[in-house]
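Trainee: Quick one: the structure is below, and I'll ask about it shortly.
Numbering (the numbering used here), first residue to last: 282 to 979.
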């Protein structure tokens, strides 16, 4: 519409200009025209009229053509594949085409007067700003690459070219979406990075390929290749084409390929060649198959190489799993055998002799009663050792045995085990002797070492005849302490010695008094000694006894420093203790009765609680209680929680925990809960009173 109006104004202006020029011309004198002149003038006017009509027609055609071209230009502008933008000096959008609106993610009408820079990703905005400054300064076409956003989300990369129209003071920009080009460039960069892998990494490259096909001759020269996944072929063909396998593979692998070629030449094809390579990521396995390829003038071979590392690892894992399963089955059979036979058998002695005593207590002489009671006690002690071994072994198999080494005076542990084993030794009139060369401090887990010594001494008693003797010695040897438990018993055969520490063998030997055993104790001994970094072994000769040796790490601290920390405990008969107010928290009546009898000598008042809640309330009501003997497995709330609650209002009361578990880690749990000390059930009267002596002796 603007163009039509402008053309009308221009025509009127020209007409007025022509009339003004005509007026300025001097008037010509009129001369009468002849008839010929008149005819001639009329002819010229007619010709001029025709010319004007023709010019008018041409002008009309030009006008229509111009309008058509204008429409074509508008369509070309609006629907061009590139984005076109006209920005004012403030970078506001004055005009844009449809593709430009699509790039900015909004409707065309809503983008007018929006600042174009708001659609440029902040990290590329400085690039765009510098581009516009350069266009404005140079007045020539410039270009840049920026990233546009849609709703604050990175959308596309665009290449922008722009010029500055000085008359209009506008920027004319053309934007082309180059996102795919950028992706291709990134892929090319990654591909280039892969191609930079050095020739020395060829073995690793071949290992990474699921399979590769090579065309080789009988000398293993590579003529062609084909990879199932070309992305996996990192090395360019120039790195291996024309070279022999021996130049890019280790000697053993290339020799196996040569062997396979010989077989393929004989039989037409050959497969089943496997070899391993030690690569940076570990040992990798490969499988080779070769087929003959006949040409008119020569023979070649197709070599298929497959990485079978995963399969080999799976096979190895299966073998290991089978071995573990066999071990677990052996352990299960061993456990069932112990529970069904060895654990039940001692109760025959305990029940049988206890029934005899109950039925004939008035008829038996004191000596006979003492003998039967000794058998009952010895059987119970042996059963306890077996039960402890079962519990410790079960926890060991479940990975629940914690290794907590500390500085320990070895002689004190040996003496403690002697006290526990004295009853069994006394029944067979066997003497237990500790022959220390000096006081020795070891770095060891005391619970584990007690288990080891208890089992070795228990075994020695079992296989020693009456009136025999057992010696325990400890000697320093370099950085280790060597401990020996020797007996003058029956000894062992060579066949027995070979399988002594093997749980899969279920061979046990009866003791000199027909005592039975499970063999589990020695398995635990081996495991616990090895946790200390030591070793265990045995020397034995049939009929001449046995010596079990094991080693522990030696601690250089002098025993005097350690001894200063250990109190000297007097025999029970010599203990002098003030009368105490004692709370016994125990839900088992028999256990409560035994404890009451043991502490009666020192108790001025004994209070009883059968639940954890009752124990807490008793301490709250009786703030003058001196001692609490706290069972851990109490109803309602357990001994740990009861102790924690008591400590909230009484920090000074002495609490000694007692538990039937007696496993590794129990002592630490009780101390953490707030107990002062810990003893394991069945409670040894001497240990209980010694513990009380530690806190209440005069």
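For every residue, glycine included, the Cβ atom is placed at its ideal position computed from N, Cα and C.
CA-CA distance, residue 242 and residue 741?
Mentor: Outside the modelled stretch of the chain, which goes from 282 to 979, sits residue 242, for which no answer is possible.
Trainee: On the three-state DSSP scale, how would you describe residue 981?
Mentor: Outside the displayed span of the chain (282 to 979) sits residue 981, for which this structure offers no information.
Trainee: Under the rule that 16 or more other beta-carbon atoms within 10 Å means buried, what is residue 592, buried or exposed?
Mentor: As a working mapping, residue 592 is identified with position 311 in the chain shown. Answer is exposed; the Cβ neighbour count stays below 16.
Trainee: Within the continuous beta strand (DSSP E) that includes residue 428, where are the two ends?
Mentor: Counting from 1 along the chain shown, the entry for residue 428 is found at position 147. Run containing residue 428: 423-431, per the beta strand (DSSP E) assignment.
Trainee: Rounded to a whole number of angstroms, what is the C-alpha to C-alpha distance between residue 731 and residue 602?
Mentor: Here residue 731 is taken as the residue at index 450 of the chain shown, counted from 1. Here residue 602 is taken as the residue at index 321 of the chain shown, counted from 1. Answer to the nearest angstrom: the Cα atoms are 33 Å apart.
Trainee: Could you compute how far the alpha carbon of residue 777 sits from the alpha carbon of residue 888?
Mentor: Here residue 777 refers to the residue found at position 496 of the chain shown. Here residue 888 refers to the residue found at position 607 of the chain shown. C-alpha separation (whole angstroms): 54 Å.
Trainee: Tell me whether residue 969 sits in a helix, a strand or coil according to DSSP, three-state version.
Mentor: Along the chain shown, one-based indexing puts residue 969 at 688. Looking at residue 969 - three-state DSSP - the assignment turns out to be helix.
Trainee: Taking DSSP as the reference, what is the three-state secondary structure of residue 375?
Mentor: Numbered from 1 along the chain shown, position 94 holds the residue referred to as residue 375. Reduced to three states, the DSSP call for residue 375 is strand.
Trainee: Pull up the distance between the alpha-carbon of residue 689 and that of residue 637, whole angstroms please.
Mentor: The residue given as residue 689 occupies position 408 in the chain shown. The residue given as residue 637 occupies position 356 in the chain shown. Using only the alpha carbons, I get a separation of about 44 Å.
Trainee: Rounded to the nearest angstrom, what separates residue 544 and residue 551 at their Cα positions?
Mentor: One-based indexing of the chain shown puts residue 544 at position 263. One-based indexing of the chain shown puts residue 551 at position 270. One C-alpha to the other measures close to 6 Å.
Trainee: Thinking C-beta only, is residue 702 closer than 8 Å to residue 650?
Mentor: Against the chain shown, residue 650 aligns to sequence position 369. Against the chain shown, residue 702 aligns to sequence position 421. Going by C-beta atoms, residue 650 is not nearer than 8 Å to residue 702.
Trainee: So the beta strand (DSSP E) residue 962 belongs to, where does it begin and stop?
Mentor: Locating residue 962 in the chain shown gives position 681, where the first residue counts as 1. Neither: residue 962 is in no beta strand (DSSP E) and is coded neither H nor E.
Trainee: Could you check what DSSP says for residue 550 in three-state terms: helix, strand or coil?
Mentor: Position 269 of the chain shown, counted from the first residue, corresponds to residue 550. Residue 550: strand per DSSP, three-state reduction.
Trainee: Excluding five sequence neighbours on each side, which residues of the same chain lie with their C-beta closer than 7 Å to the C-beta of residue 775?
Mentor: Against the chain shown, residue 775 aligns to sequence position 494. Closer than 7 Å at Cβ, skipping near neighbours: no residue.
Trainee: Between 532, 568 and 404, which has its C-alpha nearest residue 585's C-alpha?
Mentor: By 1-based counting over the chain shown, the position of residue 585 is 304. Nearest option by C-alpha distance: 568.
Trainee: Using DSSP bridges, identify the partner residues of residue 757.
Mentor: Taking the first residue of the chain shown as position 1, residue 757 is located at position 476. Partner(s): 762.
Trainee: Does residue 324 come out as helix, strand or coil in the three-state DSSP assignment?
Mentor: Working through the chain shown from its first residue, we reach residue 324 at position 43. It is helical.
Trainee: Roughly how far, in whole angstroms, is the beta-carbon of residue 896 from the beta-carbon of residue 911, given that I think they are within contact range, below 8 Å?
Mentor: Mapped onto the chain shown, residue 896 falls at position 615. Mapped onto the chain shown, residue 911 falls at position 630. Contact holds; Cβ gap of about 7 Å.
Trainee: Can you give me the C-alpha to C-alpha distance between residue 700 and residue 644, rounded to a whole angstrom?
Mentor: Here residue 700 corresponds to residue number 419 of the chain shown, with the count starting at 1. Here residue 644 corresponds to residue number 363 of the chain shown, with the count starting at 1. Their backbone Cα atoms lie some 32 Å apart in a straight line.
Trainee: Below 8 Å on the Cβ atoms is my contact criterion, and I expect residue 919 with residue 893 to pass it. Report the Cβ-Cβ distance as a whole number of Å.
Mentor: On the chain shown, residue 919 is found 638 positions in, with the first residue counted as 1. On the chain shown, residue 893 is found 612 positions in, with the first residue counted as 1. So it is a contact: roughly 6 Å between Cβ atoms.
Trainee: With C-beta atoms as the reference, is residue 772 less than 8 Å away from residue 827?
Mentor: Working through the chain shown from its first residue, we reach residue 772 at position 491. Working through the chain shown from its first residue, we reach residue 827 at position 546. Result yes, Cβ atoms of residue 772 and residue 827 sit closer than 8 Å.
Trainee: Would you call residue 575 buried or exposed, if buried means 16 or more other Cβ atoms sit within 10 Å of its Cβ?
Mentor: Counted from its first residue, the chain shown places residue 575 at position 294. Exposed is the call here.
Trainee: Cα separation between residue 974 and residue 955?
Mentor: Start at 1 with the first residue of the chain shown, and residue 974 comes out as number 693. Start at 1 with the first residue of the chain shown, and residue 955 comes out as number 674. Using only the alpha carbons, I get a separation of about 19 Å.
Trainee: Taking its Cβ as the centre, do 16 or more other Cβ atoms sit within 10 Å of residue 323, making it buried, or is it exposed?
Mentor: In the chain shown, the residue the question calls residue 323 occupies position 42. When all chains shown are included, residue 323 counts as exposed.
Trainee: Beta-carbon separation of residue 427 and residue 399 under 8 Å?
Mentor: Counted from its first residue, the chain shown places residue 427 at position 146. Counted from its first residue, the chain shown places residue 399 at position 118. Cβ atoms of residue 427 and residue 399: not closer than 8 Å.
Trainee: For residue 952, I'd like the list of residues in its chain whose CB is within less than 8 Å of its CB, leaving aside the five on either flank, ordered along the chain.
Mentor: Translated into the one-based positions of the chain shown, residue 952 becomes position 671. Excluding residues within five positions, the ones whose Cβ falls inside 8 Å are 959.
Trainee: Helix or strand or just coil, what does DSSP make of residue 727?
Mentor: The count along the chain shown starts at 1 and reaches residue 727 at position 446. Residue 727: helix per DSSP, three-state reduction.
Trainee: Quick one: is residue 414 buried, meaning 16 or more other Cβ sit within 10 Å of its Cβ, or exposed?
Mentor: Residue numbering aside, residue 414 sits at position 133 when the chain shown is read from its first letter. Looking at its Cβ environment, which holds fewer than 16 other Cβ atoms inside 10 Å, residue 414 is exposed.
Trainee: Pop quiz: residue 457 and residue 440 are said to be a contact at Cβ under 8 Å. What is the actual Cβ separation, rounded to whole angstroms?
Mentor: Here residue 457 is taken as the residue at index 176 of the chain shown, counted from 1. Here residue 440 is taken as the residue at index 159 of the chain shown, counted from 1. Yes, residue 457 and residue 440 are in contact; Cβ-Cβ is about 5 Å, under 8 Å.
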